[in-house]
Amino acid sequence: MTQEDITTKNATIQPKDFASDQDVRWCPGCGDYSILKQTQTILAEIGIPRENIVFVSGIGCSSRFPYYLNTYGMHTIHGRAPAIATGIKLARPELSVWIITGDGDALSIGGNHLIHILRRNVNIPILLFNNEIYGLTKGQYSPTSKEGMVSKSTPYGSLDHPFNPVLLAMGAEATFVARTMDRDPAHLREILKAGHLHKGSAFIEIYQNCNVFNDGAFEIFTEKDTKPLYTLFLEEKQPLVFGKNREWGIRLDGYKPQIVSLQDSGFGLDDLWIHDSRDRYKAQILATFFDDPRKENALPRPFGIIYQSQRPCYEDLVYQQIENVKGKNTKSLKEIIFGTATWEVH
Amino acid sequence: MKTTTLKDDIVVLFAGDSGDGMQLIGELLGYTSALSGNDISTFPNYPAEIRAPQGTLHGVSGFQIRLADHYIFTPGDEADILVAMNPAALKTNVRKLKPGGVIILNINSFDKKNLALAGYEIDPVEELSKQFKVFPIEITKIIRDQGKDSGLGTKQIDRSKNMFALGLVLWLLNKTTEQTATFIKRKFSDKPELLQLNLKALEAGYNYGETAELIISRTNVEKASLPSGTYRSITGNQGLALGLITSAHLAGTQLFYASYPITPASDILHELSKHKQLNVLTFQAEDEIAAISAAIGASFAGSLGVTATSGPGMDLKSEALGLAVMLELPLVVCDIQRGGPSTGLPTKTEQSDLLFAMFGRHGEAPLPVLAVSRPADCFETAIEACRLAIEFMTPVILLSDAYIANALEPWKIPDIDKIHSIEKTVLQENERHFAPYRRNEKGAREWAVPGVPGKEHRIGGLEKEDLTGNISYDPENHQHMVLTRKKKIENIAQYIPLQKVDSGSESGKMAIVGWGSTYGSIKTACEQLRNEGVEVSHIHLRYLNPFPSNLLQLLNGFEKILIPELNTGQLAFLLESHLKKPVEKLNKVKGVPFTVKEIKDKVLSIIR
Ligand SMILES: Cc1ncc(C[n+]2csc(CCOP(=O)(O)OP(=O)(O)O)c2C)c(N)n1
Ligand code: SF4
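If you read the sequences in order, they're chains X and B.
With this note's numbering applied, the first sequence covers 1 to 346.
With this note's numbering applied, the second sequence covers 347 to 954.
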């Protein structure tokens with residue numbers, strides 16, 4: 001059975017049907033609430049019966065997520081959700097398996113498992129809640145914290161260069177790479193749904209505000225007055241345009257991205273870079289848009305589906321191989337127990 | 347003149363450079379002898395380096411094999427015949443040869459350079475000839491002469507030296523080359539030139555024995571009278587692999603085997619990955635943590651999750667083992683012990699992970715621990731481990747070691763139709779809500795796998811409220827759950843067989859208590875001692891946690907307890923804390939098994 005076989009739509013199921021009987025215990029105002037709500041909404045829209053869904057998480061504030069969904073769920077150990085989810089998906093490919101992880105969980109202690117699930121392309125959406133901080137352990141800097149970040153463990157500023165998670169996923173040859181944010185529910189839902197529909201590992205970085213330990217880390221991208229200027233919302237086959245009045249565009253000068261004014265530079269929409277999420281080379285350039293927004297001429301931060309491609313997913317290959325072997329090797333259990341040479345003792 | 351003498355057993359030791367193919371001919375002699383009806387016991391002993399510099403002492407690879415006309419349990423303390431392919435092999439192994447024993451040398455390799463590498467200042471042959479029957483043979487030269495028309499290069503031709511040595515040994519043992527040739531044909535079936543070369547070398551060795559004027563008598567070892575049945579030869583790792591597949595079959599589920607390569611456990615992965623047609627899924631993970639994690643995920647989803655590793659890999663699996671204890675899911679972790687700590691002696695045997703298996707997790711995280719005793723025991727013990735894992739919903743550690751993993755032994759093939767099926771826990775639906783931590787009379791919770799409506803539940807590493815499995819920080823509940831998990835494991839003692847005495851009387855002056863791969867040496871030592879009039883019983887433990895319910899009572903029936911272990915006293919530590927009295931210990935951590943003599947000497951020193 002494959003995952004498609006169980007995606008029989010259940011039209012009557014509601015978002016509230018996906019809420020478990022447990023009290024949600026994140027800090028008031030935490031971005032995790034929005035992600036939970038949007039997930040419950042899209043799960044109802046997708047309509048997979050609850051019993052065929054498994055949410056798997058590691059450890060962290062974000063990783064409490066499975067407890068709040070009325071599906072099957074596993075809250076595991078720090079960083080290992082990709083490995084555990086791979087085991088579930090290999091054993092039961094027909095299940096809809098989801099991973100919930102944080103920036104510390106996925107990129108620090110679990111970095112190894114993350115790159116391996118991506119290269120194998122196990123058919124699982126991976127929701128990385130990036131709050132650029134360790135929330136659960138109360139405020140140490142994380143692998144995505146900006147250089148110079150002052151945190152409990154870096155009173156004089158962090159010296160570590162941060163990961164760009166999207167670029168890391170590209171490097172691991174993920175077949176679906178997207179970025180979205182807690183504060184844009186419609187966009188979040190759209191990306192979650194696209195991630196679910198993608199056949200293969202769907203890496204989704206979600207900017208999530210930790211209002212207790214790292215409040216406002218992404219506000220330049222999420223607040224009304226700055227959002228238009230600093231974000232680039234990607235739309236398939238559309239030119240890269242941003243700004244309050246969509247007055248800026250991005251064109252490619254060779255392989256170098258260049259910001260151009262659509263008002264006075266002489267360039268028009270026709271000259272701009274047209275987003276094609278299936279173009280690996282362009283996607284790799286897009287993934288590098290990671291400038292500090294306060295810097296002069298900083299490229300805007302891309303949101304949306306940066307890259308997607310088709311590559312056989314791991315569990316399909318595993319079962320195809322098993323089927324092929326069955327054609328060639330028909331040895332029964334008894335035959336292999338007897339082996340190649342036996343003798344009788346009377 | 348050629349004579350044949352009859353012996354009840356004989357020990358052959360092949361030694362050469364790691365590239366000389368000693369393991370292969372050792373195994374071939376094992377298969378051939380087993381097929382001809384001898385009982386066999388083997389001891390492969392490899393160097394840690396894959397390609398140590400040629401001719402050096404630490405590049406020597408050895409394979410000891412004993413064949414007998416009776417049931418045996420050890421590869422023998424000393425060798426009757428030593429085949430040494432170079433001076434280094436001679437130097438490191440000659441001390442294992444009986445006085446008056448036979449040495450076969452490839453004299454072509456005894457040149458200045460190799461002698462120097464082995465640390466011989468003068469050619470040792472003359473001196474050794476005073477104590478042993480030494481046969482220096484120009485093996486390289488003979489092999490090159492006969493291979494010169496084969497169209498193969500000298501390097502390839504030289505590789506068939508081992509087959510010459512095997513042919514000669516077959517002749518010495520009064521066997522034919524027929525069965526060996528069948529194995530060689532299977533091995534080289536897709537390389538016709540090499541096949542011809544190796545067959546010719548085998549025959550040349552055999553014929554050398556026939557025609558050369560060797561002043562030596564051939565030795566005949568008759569068939570052994572093993573219990574009747576159909577036999578095959580098997581290594582410990584093969585036995586485990588077959589036991590695991592059979593367990594999944596008995597439980598009516600998929601075997602999900604995940605592991606990360608490590609000596610000496612990798613062969614289990616190699617073996618299982620061949621049998622995908624039997625509902626076996628193998629997964630080579632990115633590390634040992636991922637391997638055990640994937641196995642836990644698969645178990646959650648309803649497969650039998652299994653992983654195997656050794657030493658350093660066990661360390662990495664600790665955290666996930668604790669998770670499995672908390673989740674109460676079936677999981678089997680095989681630890682093929684090797685010399686430690688750290689990277690230690692990766693190719694050598696040791697029993698030093700027992701206390702780690704017992705206690706190597708943070709928090710109160712008890713789980714069952716079992717150990718295999720010899721290659722022929724691996725199949726059954728693997729099934730026992732899987733049975734406990736599934737029927738009690740718990741992770742189980744199964745201990746084997748490098749010696750058992752690689753040693754070859756005849757195995758009486760069991761009838762799998764007669765083995766009891768493994769029953770998964772299903773609880774009667776008598777409550778409105780499904781409760782994931784409701785238990786049966788064994789203390790096992792239900793294995794509720796995804797896909798069933800109404801049984802959606804969330805489990806995790808946080809302490810859970812009894813019955814519901816919801817997160818709970820309630821102090822009373824935590825204590826209750828810790829004790830519940832502990833009691834579940836302790837109660838397994840009620841469901842495992844009572845401890846029996848392996849040999850000797852049920853009470854008396856002294857019992858030797860062993861576990862794991864010391865089985866053969868202890869058993870043999872006990873038998874010999876009793877034949878010599880020394881009263882001693884042998885008790886061998888398969889179940890190390892919990893102990894069988896009658897164990898302490900049984901042990902208390904003996905005045906003295908001796909515990910030989912290939913560690914510094916781990917089982918002794920456990921038993922002393924239960925028995926509340928000191929035990930005698932015999933400990934060895936040299937990377938090699940006990941000899942029978944070492945155990946006998948210890949017993950005698952205690953008794954006198
Ligand atoms: C092996 C291990 N080491 C450390 C911890 C402590 N720990 C728990 S969560 C966490 C970091 C969580 O950060 P992140 O993944 O960003 O999640 P967030 O809490 O911010 O959602 C750490 C270090 C642990 N639980 N296990
Ligand atoms: S600490 Fe931060 S991430 Fe964690 S729940 Fe509170 S606000 Fe959310």
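Every residue gets a Cβ at the ideal spot worked out from N, C-alpha and C, and that includes glycine.
Contact check for residue 514/B and residue 530/B: beta-carbon distance about 15 Å, past the 8 Å limit, so the pair fails to qualify. In terms of beta-carbon proximity, residue 602/B lines the interface with chain X, with at least one pair separated by less than 8 Å. Distances from the CB of residue 27/X to the heavy atoms of ligand 1 are all 7 Å or more.
Taking C-alpha positions only, residue 238/X is separated from residue 144/X by approximately 30 Å.
Note on residue 798/B: under 16 other CB atoms within 10 angstroms of its CB, so exposed under the neighbour-count rule. Using a Cβ distance threshold of 8 Å, residue 717/B and residue 682/B do not count as a contacting pair.
In this structure, the CA atom of residue 708/B is about 17 Å from the CA atom of residue 659/B.
By DSSP's assignment, residue 883/B forms a beta bridge with 857/B.
With a cut-off of 7 Å, the C-beta of residue 665/B is classified as near ligand 1, since at least one heavy atom of the ligand falls inside that distance.
When Cβ-Cβ separations below 8 Å define contact, residue 86/X makes contact with chain B.
The closest CA to that of residue 610/B, considering only 572/B, 600/B, 694/B, is found on 694/B. Unbroken beta strand (DSSP E) stretches of 3 residues or longer found wholly inside the segment 382-444 of chain B: 385-391, 406-414, 425-430, given in chain order. For residue 136/X, the distance from the CB to the nearest heavy atom of ligand 1 is below 7 Å. By the CB criterion at 8 Å, residue 358/B and residue 462/B fall outside the cutoff. The segment 822-842 of chain B makes no contact with the segment 904-916 of chain B, as fewer than three CB pairs between them are under 8 Å.
Taking the Cβ atoms as the reference, residue 201/X lies roughly 6 Å from residue 124/X, within the contact range of under 8 Å.
A direct Cα-Cα distance of roughly 14 Å separates residue 787/B from residue 813/B.
In terms of Cβ geometry, residue 203/X and residue 177/X form a close pair [threshold 8 Å]. The beta carbon of residue 781/B sits closer than 8 Å to the beta carbons of 813, 814, 815 from its chain, once the five residues preceding and following it are set aside; these are given in chain order. In this structure, 54/X is the residue among 324/X, 68/X, 69/X, 54/X with its C-alpha nearest to the C-alpha of residue 91/X. In terms of side-chain proximity, the C-beta atom of residue 131/X is found nearer than 7 Å to a non-hydrogen atom of ligand 2. Between residue 155/X and residue 230/X, the C-beta gap is not smaller than 8 Å, which leaves the two residues out of contact. Annotation for residue 32/X indicates a beta carbon within 7 Å of some heavy atom of ligand 2. In summary, residue 558/B is exposed, with fewer than 16 beta-carbon neighbours lying within 10 Å of its beta-carbon over all protein chains present. Bridge pairing for residue 907/B: 857/B [DSSP]. The shortest CA-to-CA distance from residue 147/X to any of 161/X, 302/X, 140/X is the one to 161/X. In terms of side-chain proximity, the C-beta atom of residue 780/B is found no nearer than 7 Å to any non-hydrogen atom of ligand 2.
When Cβ-Cβ separations below 8 Å define contact, residue 373/B makes no contact with chain X. Ranking 100/X, 95/X, 68/X by CA distance to the CA of residue 80/X puts 100/X first.
Of the heavy atoms belonging to ligand 1, at least one sits nearer than 7 Å to the Cβ of residue 104/X.
Annotation for residue 112/X: the continuous alpha helix (DSSP H) segment containing it runs 111-120. Taking 8 Å as the threshold, the shortest C-beta distance from residue 495/B to chain X does not fall below it.
By the neighbour-count criterion, in which 16 or more other beta carbons inside 10 Å mark a residue as buried, residue 36/X falls on the buried side.
Interface annotation for the segment 791-810 of chain B against chain X: 794, 795, 796, 797, 798, 799, 800, 801, 802, 803, 804, 805, 806, 807, 808, criterion Cβ-Cβ distance under 9 Å. Between the segment 568-586 of chain B and the segment 750-760 of chain B, the count of C-beta pairs closer than 8 Å reaches three or more; the two stretches touch.
For residue 592/B, the residues of chain X that pass the 8 Å Cβ criterion are 333, 337, in the order they occur in the chain.
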